[in-house]
Every structure is written in C-alpha cells, then in structure tokens.
Amino acid sequence: MTARLAKVALITSCTALVATPVLAEKANQLIDINGSRGRDAEYQLQQRGFAHVSTNKNDMGYVYSYWWDSKDDDCVVVEVYDGRVMTINDASDQDCGHHKGGDAGAAVAAVAGAAILGALLSHKSHHHEDDKHKADAAAEAQYERGYTDGLHNASYHNYDRSDDYANGYNAGVSERNANLRHHYNRGGYAPVAHYNDLQGARAAGGMDEMSRRGFRQVDNFTSGNTRYSIQYKADTRQCVQVTIADGHFYDLRDIGQHPKCR
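Residue numbers for the sequence shown, in mature numbering (1 follows the signal peptide of the UniProt record, and there is no 0): -24 to -1, 1 to 238.
Next up, the structure:
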C-alpha cells in the first residue's frame, strides 16, 4: 500500500469511529402519533425528549400544545380535536419561548420594548391564518397588541387602522371565548341551566337532555350540512344556539337574544 493510500485509509477509519449526531425529530418524523388520544401522545412526546411548554385553545374546540426538545432545539405544535391528535407541525423557536438572533419575536421586543411584551410573544404561530409569524417586526408588533387587547377584553383600539391589529384582536377574542367556555355569561347570583357539558354529545340524546333541563326548541334551520337549533329556557332567560354537525353537538352558546326567545 502506498503512503498516500494508507493515509486515506486511516482518515476513513477514524471518521467511521466518530459518532453521527442524532438529528432533531421534526414534525414529519412524528406522524405516527397522529390519531392518538391526547394522553398517549403526551407520553410519546415525552419519551422522545420533548417537554410541554404551553397550551392554547380556540372557540371552535381545537387545542394547540407546544413542545420543546431542548437537546435538539426543536419546537413542534400538536393540534388536538375531540381528544385526538389531528396534526403535528414544526413551530418556530419563539413559540416555545426560545429566541434566536434574527427571529420576529426578538425584533418585536426591540420595536415595542421588552417592558411591554416581555421576553416572549403571547400569541403563537397557529393564531395567524397561515400558521406563521410575520417576518415584518412592525406588523408582528401590531398583531401582538391586537391579540393582547382581545384576549384581555380591552376595548378595540386600532389607532393605526392596521389589518394586523384587527386580525390579532380577533384571534385574542377567540382565545378568550375558548378559555371561558365554562362561563354562562351571567353575573352575581343569577341561576343558570348547565349545557356546556353536552358539547360532543350525539344529537338525539343531547336534544332529550336539553329538554330534561328545561329548554324548549323555538327555532330550527339548516345551512349546508350543518343544523342549528335555538333552545330557550324561560325561567333563566337563556337563549342557546346549538350547532349540530355529523350527528353531534358541535357547539353550544348563549346568543343572548333571538326573536323567538321569549
């Protein structure tokens, strides 16, 4: 063997002994978790090195949880509906509370001031219609301001007439409504009939249960494949719209007023 070949063979053998780094598990490597129950998915993610960071909801019943793998600096978002994982997607580091030099979160903090926004953005990627934070720092700051105002029920104050503020405000209101689904829009000691626990119930059984709780149907209409039932309980003055899809109660909410709720 020539000296040159011997040198190449030595380099090759040494290279083979160097451990290949384990790459971060991206969302496309976690698709086997899709369809799992939430508890099972949580266990699987923990087994693969992910730790739970935060959970957000929307008023359509979807739950978004963010998970961080500190070893590989990897953030993913898990979308759950009706107790099962629907999708798992890659998320930005800032969604998991970790910032890199050029990301939008750091830029927003620089624009708006850390004293206002703190180290983290309170809204997440999924709050945007395209599931992505805005690259423009000023636009992201407007969105964050709107989201914070909507989330905390502050007055709508779009002094710049910004679409980003408006979109952020709507996202904040959706989040607030989701977090207050247990509330019946009453105050003080006003009596209420409970109905929130019927979300997801089969339509036939759910209608019977609404009747047992003192509600009566005062209106009923359809739109496409979705049916809407207006239920009224006179003694508590609750006017509840029940949305029915795929044979189940998809959504129940007190709409306050309806021409036939009297």
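Where is the CB? At the ideal position from N, CA and C, for every residue including glycine.
- Query: So what does DSSP say about Asn196, is it helix, strand or coil?
  - Reply: The three-state secondary structure of Asn196, taken from DSSP, is strand.
- Task: Can you tell me which of the three DSSP states Cys237 falls into?
- Result: In the structure shown, Cys237 sits in coil (DSSP, three-state: anything other than H, G, I, E or B).
- Task: Starting from Leu21, trace the alpha helix (DSSP H) both ways and give me its first and last residue.
- Result: Residue range Gly14 to Gln23 is occupied by the alpha helix (DSSP H) that includes Leu21.
- Item | Bounding residues of the beta strand (DSSP E) (the contiguous stretch that carries Arg178) | Element bounds for Arg178: n/a, residue is neither H nor E.
- Are at least three pairs of beta-carbons, each pair with one atom in the segment 173 to 181 and one in the segment 215 to 226, less than 8 Å apart? In short, these stretches touch, since the Cβ pair count reaches three.
- Cβ-Cβ separation, Glu55 to Tyr40 (assumed contact under 8 Å), whole Å: Tyr40 to Glu55, Cβ: 6 Å. Contact.
- Message: With a threshold of 6 Å on Cβ separation, who are the neighbours of Asp107 within its own chain once the five nearest residues in sequence on each side are excluded?
- Response: Apart from the 5 residues on each side of it in sequence, Asp107 sits with its Cβ closer than 6 Å to the Cβ of Ser101 in its chain, given in chain order.
- Kindly indicate the opening and closing residues of the beta strand (DSSP E) around Ala142. Note, Ala142: premise wrong, no beta strand (DSSP E); alpha helix (DSSP H) at Asp139 to Asn155.
- Mind checking whether Asn32 and Glu151 have CB atoms under 8 Å apart? Asn32 places its beta carbon less than 8 Å from that of Glu151.
- Task: Report the three-state DSSP secondary structure of Ala67 (helix, strand or coil).
- Result: Coil, per DSSP.
- Item | Exposed unless 16 or more other CB atoms sit within 10 angstroms - verdict on Glu105 | Glu105 comes out exposed.
- Query: What are the boundary residues of the alpha helix (DSSP H) that includes Leu228?
  - Reply: Run containing Leu228: none in the alpha helix (DSSP H); it sits in the beta strand (DSSP E), His224 to Asp230.
- Task: Measure the CB-CB distance between Asn172 and Leu228 and report whether it falls below 8 Å.
- Result: Contact: yes.
- Task: Would you mind giving the Cβ-Cβ distance between Lys47 and Gly25, rounded to the nearest angstrom? I have them listed as a contact below 8 Å.
- Result: Between Lys47 and Gly25 a beta carbon distance of about 6 Å is seen, short of the 8 Å cut, so the two are scored as contacting.
- Query: Which residues share a DSSP beta bridge with Glu55?
  - Reply: Beta-bridge pairing links Glu55 to Tyr40 and Thr63.
- Message: So for His102, helix, strand or coil by DSSP?
- Response: For His102, the secondary structure class from DSSP, reduced to helix, strand or coil, is helix.
- Which class does Thr212 belong to by DSSP, given the choice of helix, strand or coil? Reduced to three states, the DSSP call for Thr212 is coil.
- Query: residue 240 lies in the alpha helix (DSSP H); which residues open and close that run?
  - Reply: For the chain, the structure presents residues -24 to 238; residue 240 sits outside this window and is missing.
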